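Participant: Residue numbers (this note's numbering): -14 to 411. Sharing a structure with you now.
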């Protein structure tokens, strides 16, 4: 196979990931896969290389290897591609090799993108943003029982507010939309006088069903008991309400009853009130505002959440706060037989290049990438080694300042300690 890249070298010692069945997310992963990696902007310069070392060590400890392929976006791309923020080399590499990981990116003002992260997701149709939220022993948390949190959120990545369909106040276009809404659609009494900004919130059957399907399949594969559809359909009946209806159709029509059970009227019931076939994944629905409190009051009752984009943004961040903050929160974007892992946190440019930042979120994002690849043993080894490092009190500055008797170490030292624990645990 030949590759045509302008300023990227394809590793000669690796093999490409092959697609076996795109519709069913089946990939053929070689023992030394070529994996594109973007270190990222800001603290990406520190956490990117650190995470890369840790993930290589976990792969090697389980009898494999990774042929890393450096690709560029954001600041590192502008330096190499005459000011481009997202060059074709990067998009094509992630598209071609199917499994990739990236650090945080900063979208510069006037870059032509609302967000580089969103641009990557939408260009390559990574339609599910997936965030596992679980507690690591030793991490300071504001909750009394943070260990109750073991939840995975599936957030739709291409529709809802991420579609970016809006018009600015004071423009000719927004007045056209306003006149249409008032005069043609009859909503004249709901528009206040004066300046107005207008946005459109598209939620489609295709987008909703494939997101819910991905969440249910994940629950089945990972022996999870329940998928909760989270929406605000009591008010937004034809968008978020329709998301819920389409999602329940997937549960009812696409899976046998003994495998997936669509709970009747589950919005007002608890799991104990419903007779669920043994071993089946229950699919229920909850209102988004109520879900924000249930996540805290009944944390252990929830498992996998699936929701439109904006709800997923709020709820996944709130879940991350319960287990110690977004600085340790992993994430990934799933498409059909493709994954792009990335941490939840931002680029924190004030800390860039100081070898201080916590690489845990990017390392654990790599764990999620390993899981997607079917490297379950390597994935668990990464988690266990990170937890052993933190629970022993070897932590970066962000955790050390909230712990007693902890040893503050640099980004590099933290990664080296995780690697030592990988060797000890393997």
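Note that the Cβ used here is the ideal one computed from N, Cα and C, for glycine as well. Fair warning: this is a prediction, and the values are worked out from it, not measured in the lab.
Report the residue ranges of all beta strand (DSSP E) runs contained in full by the region 282 to 310; include only those spanning at least 3 residues, in chain order.
Facilitator: 289 to 292
Participant: Name the two residues that bound the continuous alpha helix (DSSP H) containing residue 358.
Facilitator: The sequence position of residue 358 within the chain shown is 373, counting from 1. That run of the alpha helix (DSSP H) goes 345 to 358.
Participant: For residue 251, which three-state DSSP category applies?
Facilitator: Within the chain shown, numbered from 1, the residue matching residue 251 stands at position 266. Confidence is the limiting factor: at residue 251 the pLDDT is only 49, short of 50, which leaves the residue's position unreliable and the question unanswerable from this model.
Participant: I need the straight-line Cα distance from residue 263 to residue 197, nearest angstrom please.
Facilitator: Locating residue 263 in the chain shown gives position 278, where the first residue counts as 1. Locating residue 197 in the chain shown gives position 212, where the first residue counts as 1. Taking the straight line joining both Cα atoms gives about 21 angstroms.
Participant: Per DSSP, what kind of secondary structure is residue 145 in: helix, strand or coil?
Facilitator: Residue mapping note: residue 145 aligns to position 160 of the chain shown, counting from 1. In the structure shown, residue 145 sits in a helix (DSSP, three-state: H, G or I).
Participant: From residue 412 to residue 242, what does the alpha carbon distance come to, in whole angstroms?
Facilitator: The chain is shown from -14 up to 411; residue 412 falls before or after that span and cannot be answered.
Participant: Would you call the CB atoms of residue 392 and residue 379 closer than 8 angstroms?
Facilitator: By 1-based counting over the chain shown, the position of residue 392 is 407. By 1-based counting over the chain shown, the position of residue 379 is 394. Contact: yes.
Participant: Relative to the alpha-carbon of residue 68, which residue among 59, 76 and 74 has its alpha-carbon at the smallest distance?
Facilitator: Position 83 of the chain shown holds residue 68. Per the Cα distances, 59.
Participant: Is it a yes or a no for the region 160 to 170 touching the region 307 to 327, going by three-plus beta-carbon pairs under 8 angstroms?
Facilitator: no
Participant: Within 8 angstroms, do at least three Cβ pairs link the region 197 to 215 to the region 165 to 175?
Facilitator: no
Participant: Cα-Cα, which of 187, 397, 371 and 20 is closest to residue 224?
Facilitator: Taking the first residue of the chain shown as position 1, residue 224 is located at position 239. For the residues 187, 397, 371 and 20, the minimum Cα distance to residue 224 belongs to 187.
Participant: I need the DSSP call for residue 115, collapsed to helix, strand or coil.
Facilitator: Along the chain shown, read from residue 1 onward, the residue named residue 115 stands at position 130. It is a strand residue.
Participant: Leaving aside the five residues before and after residue 252 along the sequence, list all residues of the same chain whose C-beta is less than 8 angstroms from its C-beta, in chain order.
Facilitator: Position 267 of the chain shown, counting from 1, holds the residue named residue 252. Model confidence at residue 252 stands at a pLDDT of 47, short of 50, so the residue's coordinates are unreliable and nothing is read from them.
Participant: Tell me, please, which residues DSSP counts as bridged to residue 21.
Facilitator: Position 36 of the chain shown, counted from the start, is the residue given in the question as residue 21. Bridge partners of residue 21: 54.
Participant: Thinking residue 245 and residue 266 are a contact (beta carbons under 8 angstroms), I'd like their distance in whole angstroms, please.
Facilitator: By one-based count along the chain shown, residue 245 stands at place 260. By one-based count along the chain shown, residue 266 stands at place 281. Their Cβ separation, rounded to whole angstroms, is 5 angstroms, which keeps residue 245 and residue 266 in contact under 8 angstroms.
Participant: Would residue 182 and residue 153 qualify as a contact pair, given that the criterion is a beta-carbon distance under 8 angstroms?
Facilitator: Position 197 of the chain shown, counted from the start, is the residue given in the question as residue 182. Position 168 of the chain shown, counted from the start, is the residue given in the question as residue 153. Result yes, Cβ atoms of residue 182 and residue 153 sit closer than 8 angstroms.
Participant: Decide if residue 118 is buried, meaning its Cβ has at least 16 other Cβ atoms within 10 Å, or exposed.
Facilitator: Mapped onto the chain shown, residue 118 falls at position 133. Buried.
Participant: In or out: residue 185 buried (at least 16 other Cβ within 10 Å) or exposed?
Facilitator: For the purposes of this step, residue 185 is identified with residue 200 of the chain shown, where counting begins at 1. With fewer than 16 Cβ atoms within 10 Å of its Cβ, residue 185 is classed as exposed.
Participant: With 16 as the cutoff for other CB atoms within 10 Å, does residue 190 come out buried or exposed?
Facilitator: Within the chain shown, numbered from 1, the residue matching residue 190 stands at position 205. Classification of residue 190: exposed, given that the 10 Å Cβ count is below 16.
Participant: Just to confirm before moving on: does the CB-CB distance between residue 289 and residue 215 stay below 8 angstroms?
Facilitator: Locating residue 289 in the chain shown gives position 304, where the first residue counts as 1. Locating residue 215 in the chain shown gives position 230, where the first residue counts as 1. Going by C-beta atoms, residue 289 is not nearer than 8 angstroms to residue 215.
Participant: Consult DSSP for residue 106 and reduce its assignment to one of helix, strand or coil.
Facilitator: Position 121 of the chain shown, counting from 1, holds the residue named residue 106. The answer is helix: DSSP assigns residue 106 an H, G or I state.
Participant: Quick one: measure Cβ to Cβ for residue 138 and residue 332, integer angstroms, because I've assumed they're closer than 8 angstroms.
Facilitator: Residue mapping note: residue 138 aligns to position 153 of the chain shown, counting from 1. Residue mapping note: residue 332 aligns to position 347 of the chain shown, counting from 1. Going by Cβ atoms, the distance from residue 138 to residue 332 rounds to 22 angstroms, so no, they are not a contact pair.
Participant: Which residue from 301, 33, 125 and 325 puts its Cα closest to that of residue 81?
Facilitator: As a working mapping, residue 81 is identified with position 96 in the chain shown. Nearest C-alpha to residue 81: 325.
Participant: Return helix, strand or coil for residue 211, following the three-state DSSP convention.
Facilitator: Looking up residue 211 in the chain shown gives position 226. In the structure shown, residue 211 sits in a strand (DSSP, three-state: E or B).
Participant: What is the C-beta distance between residue 355 and residue 342, in whole angstroms, given that I count them as a contact (C-beta under 8 angstroms)?
Facilitator: On the chain shown, residue 355 is found 370 positions in, with the first residue counted as 1. On the chain shown, residue 342 is found 357 positions in, with the first residue counted as 1. Separation of the CB atoms of residue 355 and residue 342 is rounded to 22 angstroms, and the pair is thereby denied contact status at 8 angstroms.
Participant: Pick out whichever of 389, 405 and 357 has its Cα sitting closest to the Cα of residue 371.
Facilitator: Locating residue 371 in the chain shown gives position 386, where the first residue counts as 1. When 389, 405 and 357 are compared, the shortest CA-CA separation from residue 371 is found for 405.
Participant: Give me the Cα-Cα distance between residue 179 and residue 155, rounded to the nearest whole angstrom.
Facilitator: As a position in the chain shown, residue 179 is number 194, starting the count at 1. As a position in the chain shown, residue 155 is number 170, starting the count at 1. Whole-angstrom Cα-Cα distance: 9 angstroms.
Participant: So, for residue 408: in the same chain, excluding its five sequence neighbours on each side, which residues have a beta-carbon less than 6 angstroms away from its beta-carbon?
Facilitator: By 1-based counting over the chain shown, the position of residue 408 is 423. Here the set comprises nothing.
Participant: May I have the straight-line CA-CA distance separating residue 124 from residue 388, to the nearest angstrom?
Facilitator: Here residue 124 is taken as the residue at index 139 of the chain shown, counted from 1. Here residue 388 is taken as the residue at index 403 of the chain shown, counted from 1. If you take the alpha carbons of residue 124 and residue 388, they lie about 8 angstroms apart.
Participant: Considering only the alpha carbon of each residue, which of 127, 164, 65 and 194 lies closest to residue 238?
Facilitator: For the purposes of this step, residue 238 is taken as the residue at position 253 of the chain shown. Measuring from the Cα of residue 238, the nearest candidate turns out to be 194.
Participant: Enumerate in chain order the residues of its own chain whose CB-to-CB distance from residue 330 is below 8 angstroms, with the five nearest sequence positions on each side excluded.
Facilitator: What you label residue 330 is simply residue 345 of the chain shown in a count that begins at 1. Excluding the 5 residues flanking it on each side, residue 330 has same chain C-beta neighbours closer than 8 angstroms at 89, 311, 312, 314 and 346, in chain order.
Participant: Does DSSP classify residue 272 as helix, strand or coil?
Facilitator: The residue you call residue 272 lines up with position 287 of the chain shown. Three-state DSSP puts residue 272 in a strand.
Participant: Kindly indicate which three-state DSSP category residue 403 falls into: helix, strand or coil?
Facilitator: Within the chain shown, numbered from 1, the residue matching residue 403 stands at position 418. Reduced to three states, the DSSP call for residue 403 is helix.
Participant: Helix, strand or coil for residue 175 per DSSP?
Facilitator: Taking the chain shown and counting its residues from 1, the one referred to as residue 175 is at position 190. In this structure, residue 175 counts as helix in the three-state DSSP scheme.
Participant: Would residue 222 be called buried (16 or more neighbouring beta carbons within 10 Å of its own) or exposed?
Facilitator: Stepping through the chain shown from its first residue, residue 222 is reached at position 237. Per the 10 Å Cβ criterion, exposed.
Participant: Nearest CA to the CA of residue 144: which residue from 129, 135 and 111?
Facilitator: For the purposes of this step, residue 144 is taken as residue 159 along the chain shown, with counting starting at 1. Among 129, 135 and 111, the Cα nearest to that of residue 144 is on 111.
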